[in-house]
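J.:
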Amino acid sequence: MKKKSLLLTVLAAGLTGLVLTSTPQPIKAAGVYRTVKSQTANNTAFHWNGTSTEAYLWSYNLTQKKHHLTNYPKTTWYANRVLKMTNGTKTGIFYYVTNQSGNTYGYVWQGYLTKGSASESSSRNETTTNSNTNWTTKDNPDGIPHPTKEELNNLKGADDDQYDSTVTYYQDLPIMRSFTGTSYNRKLNDAAQGKLDNDFGSVTRHEWGDKLQQIKYLTVSTRPTQQQIQELVDGKLTFENFVLSDLKKQGIGLNQYKGWQIGMYSNPIYKKNNFLSGNGIYIIALLAPQYQ
Numbered sequence: 141m142k143k144k145s146l147l148l149t150v151l152a153a154g155l156t157g158l159v160l161t162s163t164p165q166p167i168k169a170a171g172v173y174r175t176v177k178s179q180t181a182n183n184t185a186f187h188w189n190g191t192s193t194e195a196y197l198w199s200y201n202l203t204q205k206k207h208h209l210t211n212y213p214k215t216t217w218y219a220n221r222v223l224k225m226t227n228g229t230k231t232g233i234f235y236y237v238t239n240q241s242g243n244t245y246g247y248v249w250q251g252y253l254t255k256g257s258a259s260e261s262s263s264r265n266e267t268t269t270n271s272n273t274n275w276t277t278k279d280n281p282d283g284i285p286h287p288t289k290e291e292l293n294n295l296k297g298a299d300d301d302q303y304d305s306t307v308t309y310y311q312d313l314p315i316m317r318s319f320t321g322t323s324y325n326r327k328l329n330d331a332a333q334g335k336l337d338n339d340f341g342s343v344t345r346h347e348w349g350d351k352l353q354q355i356k357y358l359t360v361s362t363r364p365t366q367q368q369i370q371e372l373v374d375g376k377l378t379f380e381n382f383v384l385s386d387l388k389k390q391g392i393g394l395n396q397y398k399g400w401q402i403g404m405y406s407n408p409i410y411k412k413n414n415f416l417s418g419n420g421i422y423i424i425a426l427l428a429p430q431y432q
């Protein structure tokens, strides 16, 4: 009876934000998980807290990634149930969540969510920062810095999964084009994302097989300062200039990769997403001609 009471206390703490232990460590799903205990969460509102790019919604037994939470910075998630789950080695508290329409759902570790709606979080961010709003227009409601007409046209009607990947593609494109003599390979974007997340998914492993070990990666030399992140969001510092300056600082020549294939992954930068701590982090993936 005491064990049952303790579990309910832990589950309730997940909903109230109480801290029962030291800072929890992210749980990476590995193997089939099963539910030990669960209780109703009464559709409590949460939003992704931006603390990790490794945050996903998973299938019911945590064996398959369904949605990357970095693609849903503006989404409010409603927790239907809170569950204690284990794979026999690791045990953690997870929420079963859905978006407002109910068409996107899955299981997510509690440490990746913060209680409250995404709109409340956005309002807090906008009142605590001095972001330049000049980029925000009717056609660019999220304030994407330095957008092209093509980008804005492609973003019209894009769902949450497509929106951030489109923003990322256009902010990475001029950087990839700066590498003389390279050719774009979309699959290298997936490899770059896996490297950044330190977790290559089954699709990426299947795409590349043994060649995954032959990919060369270039990444940011020093984590961006809060000032640099703010300047990127404001558009005072372009992402292209930030990355190219960082590559130059590392002594990386843009004409050293002729004949190589290139792909890239970074976090989407725009005003309403400026709480994302990973802004400015990038991974460039390159594949030499002999492995193509």
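Following the working numbering, the numbering of the sequence shown begins with 141 at its first residue and continues without gaps.
All C-beta atoms, glycine included, are put in the ideal place defined by N, C-alpha and C.
Bear in mind the structure is a predicted one, so any value in this text is a computation, not a measurement.
#1: Just how far apart, CA to CA, sit Thr378 and Gln368?
#2: Would you say the stretch 315 to 331 touches the stretch 417 to 431, given that touching needs at least three Cβ pairs under 8 angstroms?
#3: Leaving out the 5 sequence neighbours to the left and right, which residues in its chain are closer than 7 angstroms to Phe340 when beta-carbon positions are compared?
#4: Between Ser361, Met404 and Ile233, which lies nearest to Ile392 when the distance is taken from Cα to Cα?
#5: What do you get for Val343, buried or exposed, if any count of 16 or more other CB atoms within 10 angstroms of its CB means buried?
#6: With which residues is Phe234 paired in a DSSP beta bridge?
#7: Below 8 angstroms on the Cβ atoms is my contact criterion, and I expect Tyr252 with Ser192 to pass it. Report the Cβ-Cβ distance as a whole number of Å.
#8: Please classify Gly242 as buried or exposed, where buried requires at least 16 other C-beta atoms within 10 Å of its C-beta.
#9: Can you tell me whether Trp348 is helix, strand or coil according to DSSP?
#10: Are there three or more Cβ pairs, one per stretch, closer than 8 angstroms when the stretch 212 to 229 is compared with the stretch 298 to 306?
#11: Can the beta-carbon of Thr308 be found less than 9 angstroms from the beta-carbon of Pro408?
#12: With a CB to CB cut of under 7 angstroms and the five nearest residues on each side skipped, what residues in its chain are close to Lys205?
#13: For Thr226, count neighbouring C-beta atoms within 10 Å of its own C-beta (all shown protein chains included) and say buried if the count is 16 or more, exposed if not.
#14: Which first and last residues belong to the beta strand (DSSP E) in which Gly403 is found?
#15: Please classify Ser305: does DSSP put it in a helix, a strand, or coil?
#16: Do Gly256 and His207 come within 9 angstroms of each other at the CB atom, strictly closer than that value?
#17: Give the single residue among Pro285, His286 and Asn280 whose Cα lies nearest to the Cα of Leu295.
#18: Label Ala428 either buried or exposed according to how many other C-beta atoms from any shown protein chain fall within 10 Å of its C-beta, with 16 as the threshold for buried.
#19: By Cβ distance below 7 angstroms, which residues in the same chain neighbour Gly375 in space, the five residues on each side in sequence not counted?
#20: If I measure Cβ to Cβ from Ile355 and keep anything under 6 angstroms in the same chain, skipping five residues before and after, which residues do I get?
#21: Can you check which of these residues, Leu313, Asn395 and Thr231, is closest to Arg326 by C-alpha distance?
#22: Just to confirm, are Tyr236 and Phe186 a CB contact at a threshold of 9 angstroms?
T.: Walking through what the data contain:
#1: 10 angstroms
#2: yes
#3: Gly334 and Leu352
#4: Ser361
#5: exposed
#6: As DSSP reads the structure, Phe234 sits in a beta bridge with Leu223 and Trp249.
#7: The Cβ separation is near 6 angstroms, so the contact holds.
#8: exposed
#9: Reduced to three states, the DSSP call for Trp348 is helix.
#10: As far as the Cβ criterion goes, the stretch 212 to 229 touches the stretch 298 to 306, which means the pair count is three or higher.
#11: yes
#12: Counting only residues of its own chain and dropping the five nearest sequence neighbours on each side, Lys205 has a CB closer than 7 angstroms to the CB of Tyr196, Trp198 and Gly341.
#13: exposed
#14: Gln401 to Ser406
#15: helix
#16: No; because the gap between Cβ atoms is not below 9 angstroms, this pair is not in contact.
#17: Asn280
#18: exposed
#19: Asn272, Trp275, Pro285 and His286
#20: Ala331, Ala425 and Leu427
#21: Leu313
#22: no
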